[in-house]
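Before any comments, here is the structure.
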Amino acid sequence: GAVVSQHPSWVICKSGTSVKIECRSLDFQATTMFWYRQFPKQSLMLMATSNEGSKATYEQGVEKDKFLINHASLTLSTLTVTSAHPEDSSFYICSAAYGPSTDTQYFGPGTRLTVL
Amino acid sequence: AQSVTQPDIHITVSEGASLELRCNYSYGATPYLFWYVQSPGQGLQLLLKYFSGDTLVQGIKGFEAEFKRSQSSFNLRKPSVHWSDAAEYFCAVVPPDNNDMRFGAGTRLTVKP
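Chains as they are written, first to last, in my numbering: chain Y, 263 to 378; chain V, 1021 to 1133.
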């Protein structure tokens, strides 16, 4: 149980275009979803936390107008990288938690974004 | 400052040898503690976690970790490493006063034949 999927698994786009990444909890309802960014050979950095039906909470230094997060249902959150640039190229990983406590998160397989 | 530290960036061990990966944390109260493994280009898989109770925690794939409050440590161990254990290992914490998971820098494990 507790499976989280991401789509697409990898994407290549041109600079200036927008890219949407989906994160789905397949067998549970996720009250909270998290988005992380991971640069090559580095650790995961939390970008934002989203609760279903409310606005996402962004970490300091993360541009909310550039990284749009929508958590419209208990099983789906989306991250849209708007006007992507090469420096946005990274590995984006989502996770989901259910219930009143979010201390245990279930991670998706990640999405590799390359901006040309 | 609050932090989670993995002192070893890269460790190489021979197949069959024992393994210990270090993790230290700096928080006012004991956070929830986790170890994850990440294979190249993949997401994270939870190996084990500690919330309270028995300080020696058993996980999947033959891993265990010991919580030592006096040392603010949560080191990961395996008695005999297999070649398939080669991966990146992350220690993570969730502070008791919020839900944000913070990761250590990671330790890359290489297994020699």
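We put the CB at the ideal spot given by N, CA and C, even for glycine. The structure presented is a predicted model; accordingly, all values stated were derived computationally and were not measured.
Think of a sphere of 9 Å around the beta carbon of PHE1110 of chain V: the chain Y residues whose beta carbon falls inside it are SER305, LEU306, in chain order. With contact defined as three or more Cβ pairs closer than 8 Å, the segment 303-316 of chain Y and the segment 328-340 of chain Y are in contact. Of the candidates V:ALA1125, V:LEU1067, V:GLN1022, the residue whose Cα lies closest to the Cα of PRO302 of chain Y is V:ALA1125. Listed by position along chain Y, the residues whose Cβ is nearer than 7 Å to that of LEU1068 of chain V form an empty set, because the closest Cβ is around 11 Å away. TRP297 of chain Y is classed as buried because its beta carbon has at least 16 other beta carbons within 10 Å across all chains shown.
The DSSP-derived three-state label of GLU325 of chain Y is coil. With the criterion set as a beta carbon lying under 9 Å from some beta carbon of chain Y, the members of the segment 1064-1097 of chain V are LEU1064, GLN1065, LEU1066, LYS1069, PHE1071, in sequence order. The beta carbon of GLU1108 of chain V sits closer than 6 Å to those of GLN1058, GLY1126, ARG1128, all from its chain and outside the five residues before and after it, given in chain order.
DSSP places GLU1040 of chain V within a strand segment (E or B) once states are collapsed to three. The segment 290-360 of chain Y is shown to contain whole beta strand (DSSP E) runs of 3 or more residues at 294-300, 306-313, 329-335, 338-343, 352-359, in chain order.
A contact is defined here as three or more CB-CB pairs under 8 Å, and the segment 1056-1074 of chain V fails this definition with respect to the segment 1034-1042 of chain V. Inter-residue distance for THR1075 of chain V and GLU1035 of chain V is about 27 Å (C-alpha atoms, whole angstroms).
Close partners of ARG374 of chain Y in chain V (Cβ separation under 9 Å): GLY1061.
By the neighbour-count criterion, in which 16 or more other beta carbons inside 10 Å mark a residue as buried, HIS347 of chain Y falls on the exposed side.
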